[in-house]
Ligand code: WQD
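The following block contains the structure:
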């Protein structure tokens, strides 16, 4: 079966491509290379021995999307990662985010609407919950007003899919609300490409450990949490990738109860920033140079998933511990600095 992975040369997309190939699927990748490189294909081949079909294509170009689906009529499912995802950048360039994250989704759904039956996995985010009132966070926690255009594009994206599915029974969709993806494939052949100064915690930790960054700032030590720092649910990217394959197969095998479903994808465990730093120190044997500074505007204090629905309905559970994920991130950092 042929599966389209948009953004398949990105961090989560490349890991999901590997897991799809491991399950015997033929993968076609569309990527515009705005935040990745074609070299990632070599990493995928190094792991699975199979080279996915790759088409450099900008999904914002409607005619190109139509032409792609004419040439690939046998696409059985789509996993849609392609989107801009930097929270801070989205505040500075909202129109870039609405055009890229919403426009492309509409063009993809228009193509799927032409099919008898299609399976569609959407990359969403726990960002849609904002600061949830209750921990752990369940899928029926209220969606709160987005704190950034990035977060808003995820909320709008989910609404567009839900409304489309209501009137297009042929489209079967699942939105996966990721918590905090981290780490790299254990082979260290693929991982999070370091482009620019990392915004996310874990690449900043490993770059500080590798001596590329002088020191890491811990944004806020005065939150009303156990150690004063923010809490997140850090999930190994390979566990997250596997969740995509399980969700896709739920749709391909018509096991879904509704034609639009939502699942939280996390470990169900919260870890503070300091605990993440301590995890790095344990797995690397290196002391990390960090400084507690002021809070980062827009940050929520605590978010970790209630994973009951994914465990019981999807039949998926994260397997890696924080230390195992951090170890894989560190191995990747060392590999790319060789
Ligand atoms: C985690 C914690 C920071 C860097 C965002 C998006 C989410 C997803 C992942 C795209 C926070 C603290 C960070 C640093 C720090 N993005 N931190 N020093 O903000 O939870 O989630 O990225 O899919 O949708 O919202 O992730 O890694 O930026 O921050 O103290 O140098 O680490 O304050 O508490 P976040 P993050």
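In the numbering used here, the protein residues as written are 13 to 350. The C-beta atom is built at its ideal place from N, Cα and C for all residues, glycine as well. Keep in mind it's a predicted model, so treat the numbers as computed, not measured.
Closest option to residue 186, judged by alpha-carbon separation, among 232, 142 and 137: 137. Between residue 244 and residue 315 a beta carbon distance of about 6 Å is seen, short of the 8 Å cut, so the two are scored as contacting.
Inclusion of residue 260 and residue 20 in the CB contact set at 8 Å is not warranted, their separation being larger than that value.
At least one heavy atom of ligand 1 lies less than 7 Å from the C-beta of residue 211. Look at residue 230: its beta carbon is less than 7 Å from one of the heavy atoms in ligand 1. Cα atoms of residue 207 and residue 17: separation of roughly 21 Å, rounded to the nearest angstrom. Secondary structure in the region 22-69: the beta strand (DSSP E) runs of 3 residues or longer, each lying completely within the stretch, are 38-43 and 65-68 in chain order. A distance criterion of 7 Å places the beta-carbon of residue 96 beyond contact range of ligand 1, judged by its closest non-hydrogen atom. Per DSSP, reduced to three states, the secondary structure at residue 191 is coil, with no helix or strand assignment.
If you ignore the 5 residues before and after residue 153, its C-beta comes within less than 6 Å of the C-beta of 141 and 144, all in its own chain and listed in chain order. Residue environment analysis places residue 164 among the buried positions, since at least 16 neighbouring C-beta atoms fall within 10 angstroms of its C-beta. Taken through DSSP and simplified to helix, strand or coil, residue 307 comes out as coil. A distance criterion of 7 Å places the beta-carbon of residue 137 in contact range of ligand 1, judged by its closest non-hydrogen atom.
Under a 10 Å Cβ-count criterion, residue 85 is classified as exposed, with fewer than 16 other Cβ atoms of the shown protein chains found around its own Cβ. For residue 151, the closest of 346, 273, 329 and 44 by C-alpha to C-alpha distance is 273. If only complete runs of 4 or more residues are kept, the region 103-180 shows the alpha helix (DSSP H) at 106-109, 116-125 and 161-179, in order along the chain. Scanning its chain for C-beta atoms nearer than 7 Å, with the 5 sequence neighbours on each side dropped, one finds around residue 27 the residues 197, 202, 249, 250 and 253, in chain order. Relative to ligand 1, residue 177 has its C-beta separated by 7 Å or more from all heavy atoms. Relative to the Cα of residue 70, the nearest Cα in the group 128, 44 and 37 belongs to 44. Per DSSP, the continuous alpha helix (DSSP H) segment holding residue 256 begins and ends at 249-264. For residue 46, the number of other beta carbons within 10 angstroms of its own is below 16, and it is reported as exposed. Ranked by Cα distance from residue 242, the options 148, 312, 99 and 258 are led by 312.
If the five residues before and after residue 177 are omitted, its C-beta is found closer than 7 Å to the C-beta atoms of 183, 185, 271 and 272, all from its own chain and listed in chain order. By the neighbour-count criterion, in which a residue is buried when 16 or more other Cβ atoms sit within 10 angstroms of its Cβ, residue 283 is buried. By the Cβ-count criterion, residue 238 is exposed, with fewer than 16 other Cβ atoms from all chains shown falling within 10 Å of its own Cβ. Taking all protein chains shown into account, residue 65 has fewer than 16 neighbouring C-beta atoms within 10 Å of its C-beta and is therefore exposed. Judged by pairs of C-beta atoms under 8 Å, the region 95-106 does not touch the region 50-58, as fewer than three such pairs exist.
Sequence-distant partners of residue 158 (beyond 5 residues in either direction) whose C-beta falls short of 6 Å from its own C-beta, in its chain, are 164 and 167. Relative to the Cα of residue 344, the nearest Cα in the group 230, 288 and 205 belongs to 205.
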